[in-house]
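Q: Here the protein sequences line up with chains A and B, keeping their order. Oh and the first sequence: position 71 is 71 in my numbering, straight run, nothing missing. Oh and the second sequence: position 103 is 303 in my numbering, straight run, nothing missing. A virtual CB, placed ideally from N, CA and C, is assigned to each residue, including glycine.
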Amino acid sequence: MISLTSPIRTKAHYWPASIKLGSLCIATALLFLIEDIWVLISVFTLVMLTYALPGKVFLLNGLRQLRMLWPFILIVGVWHVWIGSFVDGGVIVVRLVSAVALANLVTMTTKLSDMIDVISVILRPLHALGLKLKVVEIAIALVIRLTPVLVSKGSQLSDAWRARSERAPSWRIILPFIILALDDTDHVADALKARGGLES
Amino acid sequence: MEKNVALIALFAALIAALGLMPKLMLGFGVPITAQNLGVMLCGTILGSKRGAMSVLLFLLLVAVGLPLLSGGRGGLGLFVSPSAGFLIGWPVSAFVTGLIVEKWRGPSLAVVAGIASVIGGILVLYAFGIVGLSIALDKSLLETTGLVTAFVPGDFIKSVIAGMLTAALAKARPASVLSVS
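Shown next as structure tokens:
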């Protein structure tokens, strides 16, 4: 499974994930306190310069992640042009894009394994409430393994539908899809038990 | 224990797969993103606690940077984006949906699961989503409610489908519909 971590190695890849996540929290909180458009634009420029630092591929990758924001930018843009308060609209849009870009920056420069280590530390206090870390770790591994399996089974069902019908696959294939998946679950559960189980 | 963990992980993977598979069509040639159908099914099939855990597990993997949301989106940015409220509302939505199916012995499972999906998957979820949007876009709750109403009909159809699928699964694999067994 491909993670969203950037294949372009940067210095930030080697910084501790906990510090990156901690500073992200503080930076995001501060960002929402800034009301001045010029300060926000400077912050945004700084964030974009950080994206540009590791090179063109990294920058383009980062910008692609931000594309999902366009409907919101459009709505806010049209709205504020309509009511004639351009600066307020600018503040909202620049702050929004900067916040998402900053968060994505942490995702892009942190390896999946480092992230999961941080989660283990965060979840440790929940041990007292009966949450077993080992179980969470196995569940994470299972989802990562099962997702491509299910996608391939779903695609096979879609292909089987297409081979028999002129129309595109409908929601009706979800039922056999879930049944296939549920039957897999029984095998997975047996396999877990056969390898020592999760109780101990 | 093993069966529960396997089911929770499987449904998390199912939500992911429903978003990554080729788009499915509703009757009238309208493509649907089936991902929140997956969240509804977590509640109606796994029940309140396991359903919510399954959705939490899915969100955890999205947060650590796996591109599991529809369109291959993922990462921490989503949790500060305008749609963050919907993501945060997902586990609660699955919990409420599951709780209703567990507690209410109504006319038929299809009807119960369908209504539970409407309450959990639309009312509860949109409450979270609207608050999130209103914070991110700095608009009033009423204004943001207007923005999302366009999505209600689609989600209503998904609720009906969730109800029918749950009833059909209860017949095909009764032992796996944990919410009613």
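From the beta carbon of Val292 (chain B), is the nearest beta carbon of chain A less than 8 Å away?
A: As a working mapping, residue 292 (chain B) is identified with position 92 in the second sequence. So, not an interface residue.
Q: Which same chain residues end up closer than 7 Å to Ala221 (chain A) when comparing Cβ atoms and leaving out the 5 residues on each side of it in sequence?
A: Nothing can be reported for residue 221 (chain A), as the shown portion of chain A is limited to 1 through 200.
Q: I need the DSSP call for Leu74 (chain A), collapsed to helix, strand or coil.
A: Here residue 74 (chain A) is taken as the residue at index 74 of the first sequence, counted from 1. Helix, per DSSP.
Q: Hey, how far is the Cα of Leu21 (chain A) from the Cα of Thr50 (chain A)?
A: Taking the first residue of the first sequence as 1, we reach residue 21 (chain A) at position 21. Taking the first residue of the first sequence as 1, we reach residue 50 (chain A) at position 50. Cα to Cα, Leu21 (chain A) sits roughly 17 Å from Thr50 (chain A).
Q: Arg250 (chain B) by DSSP, collapsed to three states: which one?
A: The residue you call residue 250 (chain B) lines up with position 50 of the second sequence. In the three-state DSSP reduction, Arg250 (chain B) falls in the helix class (H, G or I).
Q: To the nearest whole angstrom, what separates the beta carbons of Thr244 (chain B) and Ser317 (chain B), a pair I think is in contact under 8 Å?
A: Translated into positions along the second sequence, residue 244 (chain B) becomes position 44. Translated into positions along the second sequence, residue 317 (chain B) becomes position 117. Rounded to the nearest angstrom, the Cβ distance from Thr244 (chain B) to Ser317 (chain B) is 6 Å, consistent with a contact under 8 Å.
Q: Strictly below 7 Å CB to CB, what residues from chain B border Phe72 (chain A)?
A: Residue 72 (chain A) sits at position 72 when you count from the first residue of the first sequence. In chain order: Pro282 and Leu337.
Q: List, in order along the chain, the chain A residues whose C-beta lies closer than 8 Å to that of Ser376 (chain B)?
A: Taking the first residue of the second sequence as position 1, residue 376 (chain B) is located at position 176. What Ser376 (chain B) touches in chain A: Leu182 and Thr185.
Q: Just to confirm, are Leu268 (chain B) and Leu260 (chain B) a CB contact at a threshold of 8 Å?
A: On the second sequence, position 68 is the one that residue 268 (chain B) refers to. On the second sequence, position 60 is the one that residue 260 (chain B) refers to. Going by beta carbons, Leu268 (chain B) and Leu260 (chain B) fall outside the 8 Å limit.
Q: State yes or no: is the C-beta of Ala101 (chain A) within less than 8 Å of the C-beta of Thr28 (chain A)?
A: Locating residue 101 (chain A) in the first sequence gives position 101, counting from the first residue. Locating residue 28 (chain A) in the first sequence gives position 28, counting from the first residue. Not a contact, by the Cβ cut-off of 8 Å.
Q: So with Cβ pairs under 8 Å, would you call Gln65 (chain A) a contact of chain B?
A: Within the first sequence, residue 65 (chain A) is the residue found at index 65, counting from 1. Interface residue, yes.
Q: Applying a beta-carbon distance threshold of less than 9 Å, which residues of chain B neighbour Leu46 (chain A)?
A: Sequence index remark: in the first sequence, residue 46 (chain A) carries index 46 (1-based). Correct list: empty, because the minimum Cβ distance to chain B is about 17 Å.
Q: Distance, Cα to Cα, Glu199 (chain A) vs Val149 (chain A)?
A: As a position in the first sequence, residue 199 (chain A) is number 199, starting the count at 1. As a position in the first sequence, residue 149 (chain A) is number 149, starting the count at 1. So the alpha carbons of these two residues sit roughly 26 Å apart.
Q: Who are the neighbours of Leu347 (chain B) on chain A, taking C-beta pairs under 9 Å?
A: Sequence index remark: in the second sequence, residue 347 (chain B) carries index 147 (1-based). Those are Ile75, listed as they occur along chain A.
Q: In chain order, which continuous runs of the alpha helix (DSSP H) of length 4 or greater are located wholly inside the stretch 230-310 of chain B?
A: 235-241, 248-263 and 284-303
Q: Which residue comes first and which comes last in the alpha helix (DSSP H) that contains Trp38 (chain A)?
A: Along the first sequence, read from residue 1 onward, the residue named residue 38 (chain A) stands at position 38. Trp38 (chain A) -> alpha helix (DSSP H) spans Ile37 to Ala52.
Q: Using 10 angstroms around the beta-carbon of Gly265 (chain B), count the other beta-carbons present and answer buried if the total reaches 16, otherwise exposed.
A: For the purposes of this step, residue 265 (chain B) is taken as residue 65 along the second sequence, with counting starting at 1. By the 10 Å Cβ count, Gly265 (chain B) comes out buried.
Q: How close, in whole Å, do the beta carbons of Ile37 (chain A) and Gly90 (chain A) come, if the pair is a contact with beta carbons under 8 Å?
A: As a first step, residue 37 (chain A) is located in the first sequence; it is residue number 37 there, counting from the start. As a first step, residue 90 (chain A) is located in the first sequence; it is residue number 90 there, counting from the start. Between Gly90 (chain A) and Ile37 (chain A) the Cβ distance is about 5 Å, and since that is below 8 Å, they are a contact.
Q: What do you reckon, are the CB atoms on Ile322 (chain B) and Phe295 (chain B) nearer than 8 Å?
A: In the second sequence, residue 322 (chain B) corresponds to position 122, counting from 1. In the second sequence, residue 295 (chain B) corresponds to position 95, counting from 1. Taking 8 Å as the Cβ cut-off, Ile322 (chain B) and Phe295 (chain B) do not qualify as a contacting pair.
Q: I'd like the list of long-range same chain contacts for Trp161 (chain A), defined as Cβ closer than 7 Å, with 5 residues on each side in sequence excluded.
A: Numbered from its first residue, the first sequence carries residue 161 (chain A) at position 161. Correct list, in chain order: Pro169 and Ile173.
Q: For Gly197 (chain A), which residues in the same chain have their Cβ closer than 8 Å to its Cβ, ignoring the five residues on either side in sequence?
A: Here residue 197 (chain A) refers to the residue found at position 197 of the first sequence. For Gly197 (chain A), where only same-chain residues beyond five positions count, there are no Cβ hits under 8 Å.
Q: Would Val43 (chain A) pass as a contact of Ile73 (chain A) if the rule is Cβ separation under 8 Å?
A: On the first sequence, position 43 is the one that residue 43 (chain A) refers to. On the first sequence, position 73 is the one that residue 73 (chain A) refers to. Taking C-beta atoms as the reference points, Val43 (chain A) and Ile73 (chain A) fail to come closer than 8 Å.
Q: Could you check the C-alpha separation between Ser3 (chain A) and Trp15 (chain A) for me, to the nearest Å?
A: Numbered from 1 along the first sequence, position 3 holds the residue referred to as residue 3 (chain A). Numbered from 1 along the first sequence, position 15 holds the residue referred to as residue 15 (chain A). Each residue's alpha carbon lies about 18 Å from the other.
Q: By Cβ distance below 7 Å, which residues in the same chain neighbour Gly306 (chain B) in space, the five residues on each side in sequence not counted?
A: What you label residue 306 (chain B) is simply residue 106 of the second sequence in a count that begins at 1. If we look at Gly306 (chain B) and ignore the five residues flanking it on each side, its Cβ neighbours are Val312.
Q: To the nearest angstrom, how far is the alpha carbon of Lys303 (chain B) from that of Asn61 (chain A)?
A: Here residue 303 (chain B) corresponds to residue number 103 of the second sequence, with the count starting at 1. Here residue 61 (chain A) corresponds to residue number 61 of the first sequence, with the count starting at 1. Rounded to whole angstroms, Lys303 (chain B) to Asn61 (chain A) spans 47 Å at the Cα level.
Q: Less than 7 Å separating the Cβ of Met115 (chain A) from some heavy atom of the ligand SAH?
A: Only the bare structure without any ligand can be found here, which leaves the ligand SAH out of the picture.
Q: Closest by CA to Gly285 (chain B), which one among B:Val348, B:Ser254 and B:Gly354?
A: Translated into positions along the second sequence, residue 285 (chain B) becomes position 85. Across the set B:Val348, B:Ser254 and B:Gly354, the C-alpha of B:Val348 shows the shortest separation from the C-alpha of Gly285 (chain B).
Q: Closest to Ile178 (chain A) by C-alpha separation, out of B:Val205, B:Leu210 and B:Glu343, would be which residue?
A: The residue given as residue 178 (chain A) occupies position 178 in the first sequence. For Ile178 (chain A), the nearest C-alpha among the options comes from B:Leu210.
Q: Would you kindly report the start and end of the unbroken alpha helix (DSSP H) that includes Trp161 (chain A)?
A: Counting from one through the first sequence, the residue named residue 161 (chain A) turns up at place 161. Segment Leu133 to Arg164, the alpha helix (DSSP H) holding Trp161 (chain A).
Q: May I ask which residues mark the beginning and end of the alpha helix (DSSP H) holding Thr366 (chain B)?
A: What you label residue 366 (chain B) is simply residue 166 of the second sequence in a count that begins at 1. Per DSSP, Thr366 (chain B) belongs to the alpha helix (DSSP H) from Val352 to Ala372.
Q: Could you say which of A:Val136, A:Gly154 and A:Trp70 lies nearest to Ile119 (chain A) if we only look at CA atoms?
A: Along the first sequence, read from residue 1 onward, the residue named residue 119 (chain A) stands at position 119. For Ile119 (chain A), the nearest C-alpha among the options comes from A:Val136.
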